[in-house]
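Q: In terms of numbering that gives the first Met the number 0, the sequence shown opens at residue 0 and continues consecutively.
Dropping a structure here in structure tokens format, bear with me for questions.
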Amino acid sequence: MQIITIIITITTSRSKCFPIPSRAQRAAAARARAVRAERLAAERAAAEAAAAAVEPELEPEPERESTPAPGPEPESAAPAPPVPETPARPPRQRPASGARRAVPCLGCLRSALAGRSTGECFDAAVGSRCWRCASGHTCTPVYVPPAPRELFPLLTTDRSPAVASAAAEMDRLRAAVRVLLEGGAEEEQEEEQAPPAGGPAAVRAQVLALVGQILDLLLPQVQQQQQQ
Numbered sequence: 000m001q002i003i004t005i006i007i008t009i010t011t012s013r014s015k016c017f018p019i020p021s022r023a024q025r026a027a028a029a030r031a032r033a034v035r036a037e038r039l040a041a042e043r044a045a046a047e048a049a050a051a052a053v054e055p056e057l058e059p060e061p062e063r064e065s066t067p068a069p070g071p072e073p074e075s076a077a078p079a080p081p082v083p084e085t086p087a088r089p090p091r092q093r094p095a096s097g098a099r100r101a102v103p104c105l106g107c108l109r110s111a112l113a114g115r116s117t118g119e120c121f122d123a124a125v126g127s128r129c130w131r132c133a134s135g136h137t138c139t140p141v142y143v144p145p146a147p148r149e150l151f152p153l154l155t156t157d158r159s160p161a162v163a164s165a166a167a168e169m170d171r172l173r174a175a176v177r178v179l180l181e182g183g184a185e186e187e188q189e190e191e192q193a194p195p196a197g198g199p200a201a202v203r204a205q206v207l208a209l210v211g212q213i214l215d216l217l218l219p220q221v222q223q224q225q226q227q
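Structure, rendered in structure tokens:
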């Protein structure tokens with residue numbers, strides 16, 4: 000009986016030390032927690048607004064273009080066969096000249112009278128034409144005495160103003176010789192030349208006469224060069 004009384008006394012004293020909260024107390028505590036949470040949220044929002052006003056507004060980054068993902072590599076096709084390179088065409092070389100002819104051709108004589116060459120005529124490696132005549136060009140031998148032929152290189156020399164009159168006379172004689180050699184086919188001289196009268200012998204005589212006049216103009220120049 001005493002034991003039961005002691006247990007009841009202990010239970011009663013414990014219930015007085017730790018009272019169980021009622022429903023009204025729990026509701027009041029919940030409201031207090033809600034008010035406290037709202038206050039904290041308001042303070043946090045005010046702090047974030049102040050920080051956003053101080054910091055500069057950041058520009059939005061441009062959107063990066065999406066790079067398409069590399070697709071599967073195609074299967075490697077069979078390599079094309081190498082194209083053979085066309086060999087470069089070697090430059091055309093003129094064949095070497097042959098022996099010097101004793102009688103020059105009409106083309107070489109005209110070139111010498113025009114002052115473009117020395118009047119020397121050489122055999123070609125192939126064919127009957129001389130080395131200077133082009134393909135298909137008529138190569139007709141023309142007899143010229145040795146003395147005038149050796150003086151043909153003087154026609155290619157430069158002429159000074161001191162011998163201008165002699166140069167003009169030489170040009171006239173050279174034009175006349177060309178007309179006689181070509182039979183009056185070309186009219187390159189300043190004065191009209193009458194066609195040669197007579198046969199080949201008469202033409203040859205006229206050519207030799209004109210060549211003699213050319214020699215008369217050239218010999219004083221040769222003597223002057225030898226004295227210098």
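Beta carbons: idealized from backbone N, C-alpha and C, even for Gly.
Here the structure is a predicted model, which is why all the values come from computation and not from measurement.
For a quick check, are the C-beta atoms of T139 and L105 less than 7 Å apart?
A: In contact: T139 and L105 (Cβ atoms closer than 7 Å).
Q: At the level of alpha carbons, what is the spacing between A28 and A36?
A: Going by the C-alpha atoms only, they are around 12 Å apart.
Q: Taking the straight line between their C-alpha atoms, what separation do you get for V102 and A87?
A: Spanning the two alpha carbons is a distance of roughly 41 Å.
Q: My understanding is that T117 touches A111, with C-beta atoms under 8 Å, so please give their C-beta distance in whole angstroms.
A: That pair is a contact at about 6 Å.
Q: Out of A40, R43 and C120, state which residue places its alpha-carbon closest to the alpha-carbon of Y142.
A: Closest by alpha carbon: C120.
Q: For L39, is the classification buried or exposed, using 16 other Cβ atoms within 10 angstroms of its Cβ as the cut-off for buried?
A: Flag for L39 reads exposed.
Q: Hey, quick one: how far does the alpha helix (DSSP H) through A111 stretch, first residue to last?
A: Where A111 is concerned, the enclosing alpha helix (DSSP H) stretches over L105 to L112.
Q: How long is the line joining the alpha carbons of G183 and Q92, rounded to whole angstroms?
A: For G183, the predicted model reports a pLDDT of 42, less than 50, meaning its position is unreliable; a value from the coordinates is still stated below. If I take the Cα positions, the gap works out to 36 Å.
Q: What residues are listed by DSSP as bridge partners for P140?
A: According to DSSP, which records beta bridges pairwise, P140 is partnered with C104.
Q: Hey, D122 and A95: beta-carbon distance below 7 Å or not?
A: Contact: no.
Q: I'd like the list of long-range same chain contacts for R100, defined as Cβ closer than 7 Å, with 5 residues on each side in sequence excluded.
A: So the list reads C120, F121, D122 and C129, once near-sequence residues are dropped.
Q: I need the straight-line Cα distance from R131 to P89, nearest angstrom please.
A: Rounded to whole angstroms, R131 to P89 spans 22 Å at the Cα level.
Q: Between A50 and the rest of its own chain, which residues show a CB-CB distance below 8 Å, the 5 nearest in sequence each way excluded?
A: Correct list: empty, nothing qualifies.
Q: For V221, count neighbouring C-beta atoms within 10 Å of its own C-beta (all shown protein chains included) and say buried if the count is 16 or more, exposed if not.
A: Its pLDDT being 48, under 50, V221 is placed unreliably by the model, and nothing is read from it.
Q: When DSSP builds the beta bridges, which residues end up paired with C132?
A: In DSSP, C132 forms no bridge with anything.
Q: So, does the CB of T139 fall closer than 7 Å to a CB anywhere in chain B?
A: The question asks about chain B, but that chain is absent: this structure has only one protein chain.
Q: Quick check on DSSP: helix, strand or coil for L209?
A: DSSP places L209 in helix when its eight states are reduced to three.
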